[in-house]
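Input: a single structure, listed below in structure tokens.
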Amino acid sequence: MKKNLWCIVAVSALVLSSCSPYSQQPSHDEPEREENPDSQISGTDGSSDNETEQGDPIDEAPLSDHEPDAEHPSDDEDQDEQPHDDTTISLPSEYMNQIEEVDGQAIIQNPDNILAFVNHDYLLPSDYIPDDLVIPDVKFSYGYQDTDKSYMREEAAAALEGLFGAAQEEGIELAAVSGYRSYDRQEELYEQAISRSGPEQEFVAKPGSSEHQSGLAMDVSSSSVNYGLVQEYENTKEGQWLAEHAHHFGFIIRYQKDKEDITGYGYEPWHIRYVGESAIEIYESQLVLEEFFDLVEEV
Ligand SMILES: [Zn+2]
30 MKKNLWCIVA
40 VSALVLSSCS
50 PYSQQPSHDE
60 PEREENPDSQ
70 ISGTDGSSDN
80 ETEQGDPIDE
90 APLSDHEPDA
100 EHPSDDEDQD
110 EQPHDDTTIS
120 LPSEYMNQIE
130 EVDGQAIIQN
140 PDNILAFVNH
150 DYLLPSDYIP
160 DDLVIPDVKF
170 SYGYQDTDKS
180 YMREEAAAAL
190 EGLFGAAQEE
200 GIELAAVSGY
210 RSYDRQEELY
220 EQAISRSGPE
230 QEFVAKPGSS
240 EHQSGLAMDV
250 SSSSVNYGLV
260 QEYENTKEGQ
270 WLAEHAHHFG
280 FIIRYQKDKE
290 DITGYGYEPW
300 HIRYVGESAI
310 EIYESQLVLE
320 EFFDLVEEV
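Going by my numbering, the sequence shown opens with residue 30, and the numbers climb by one from there.
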């Protein structure tokens, strides 16, 4: 990606939504797992479609099952939102979602865009599989396995290698836990959740709305939390290092604390999303992707 694609050009007001604590946010990710990460992984969200599970790869679990304090995000005084400097951001149109309405849903027509903006409102096409998926040369919580969740898109994988390498040099141990996830796998999880909890269930993201399908997201954890995808991760030195350095390698912590009402997801200190150079701007302005795109002006 070329440098200096984004320049801050103008000023406009960004009105922040108020933060109400969420207790039942869906998560993209697996519930925290207590098992020995070195043991055989069963029923994770990868491609090994074990259907045996029950307590398995619910990829998306209610936060209340994860973490009591997810219900009280406002307890953390130091994470208060700062009023943003009011900015607009110029972005070439190729980095904007191109949307087509299909059956009442907004489907992204340019899913290969490194800035693909995927959420509850903007979905990846059901047949989208990135064509440049590779397995990054990094440590995985479950060892090396040629399984869907080990993969990322090439550019993101290279960036992840850089990130993990830098961490290692500073004595910080990071492990990849879950990357690419297919539409079909997400659909399967979604159907399972509906059959368990009814059509109103809100624990599993609908197919197409998971960033993991983009091949640009990776869940990261460390041995200090037994490789779990847990909110305590923010209090570990590894989680803190990740939060402070990910943007230098093109990643953002996608689902931020106190932004639950904006992202529609609970705080996930483990879920990093590759966005390329925009990561610096997003990090420095403390924006989540929803806010970032609110400020973008297409050029
Ligand atoms: Zn994730």
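A virtual CB, placed ideally from N, CA and C, is assigned to each residue, including glycine.
query                                                                                                                                                          : result
According to DSSP, is Asp-132 helix, strand or coil?                                                                                                           : coil
Check whether the Cβ atoms of Ile-291 and Glu-261 lie closer than 8 Å to each other.                                                                           : no
What I want to know is whether the C-beta of Ser-179 ends up closer than 7 Å to one or more non-hydrogen atoms of ligand 1.                                    : no
Take Val-163 and list the residues in its own chain whose beta-carbon comes closer than 8 Å to its own, dropping the five residues that flank it on each side. : Tyr-180, Met-181, Arg-182, Glu-183, Ala-186
Does any heavy atom of ligand 1 sit closer than 7 Å to the C-beta of Glu-289?                                                                                  : no
Run the CB neighbour count on Tyr-284, radius 10 Å, all protein chains shown included, and call it buried at 16 or more, exposed below.                        : buried
Quick one: what does DSSP say Thr-117 is sitting in, helix, strand or coil?                                                                                    : strand
The beta strand (DSSP E) that contains Ala-246, what's its start and end?                                                                                      : 246-250
Tell me which residues share the same chain as Lys-288 and place their Cβ nearer than 7 Å to its Cβ, disregarding the 5 neighbours each side in the sequence.  : Val-317
Ligand 1 heavy atoms versus the CB of His-149: any closer than 7 Å?                                                                                            : no
Quick one, are the C-beta atoms of Gly-244 and Tyr-209 less than 8 Å apart?                                                                                    : yes
Between the beta-carbon of Tyr-296 and the beta-carbon of Lys-286, is there less than 8 Å?                                                                     : yes
Tell me, please, which residues DSSP counts as bridged to Glu-326.                                                                                             : Ser-119
Given this structure, state the Cα-to-Cα distance separating Tyr-212 from Asp-156, to the nearest angstrom.                                                    : 7 Å
For Gln-315, which of helix, strand or coil comes out of DSSP?                                                                                                 : coil
For the stretch 167-180 and the stretch 137-147, state whether three or more C-beta atom pairs, one from each stretch, are separated by less than 8 Å.         : no
In three-state terms, what does DSSP make of Val-206?                                                                                                          : strand
Starting from Tyr-303, trace the beta strand (DSSP E) both ways and give me its first and last residue.                                                        : 300-303
State the Cα-Cα distance for the pair Ile-281 and Ala-246, rounded to the nearest angstrom.                                                                    : 10 Å
Starting from Ile-223 and walking both ways along the alpha helix (DSSP H), at which residues does that stretch end?                                           : 212-226
Ordered along the chain, which non-local residues of its own chain (more than five positions away) have a Cβ less than 6 Å from that of Glu-327?               : Ser-122, Met-125
Thinking just about the alpha-carbon of each residue, which of Ala-205, Gly-133, Glu-198 is nearest to the one in Leu-152?                                     : Gly-133
Please state whether DSSP places Ile-291 in a helix, a strand or coil.                                                                                         : helix
Hey, would you say the C-beta of Ser-207 is under 7 Å away from at least one heavy atom of ligand 1?                                                           : yes
Please report the straight-line C-alpha distance between Pro-165 and Tyr-173, rounded to a whole angstrom.                                                     : 10 Å
Taking a contact to mean a Cβ-Cβ separation below 8 Å, would you say Ala-274 touches Leu-192 in this structure?                                                : According to the sequence provided, residue 274 is His. The question's Ala does not apply to it. Cβ atoms of His-274 and Leu-192: closer than 8 Å.
Counting along the chain, where does the alpha helix (DSSP H) carrying Phe-193 start and finish?                                                               : 183-198
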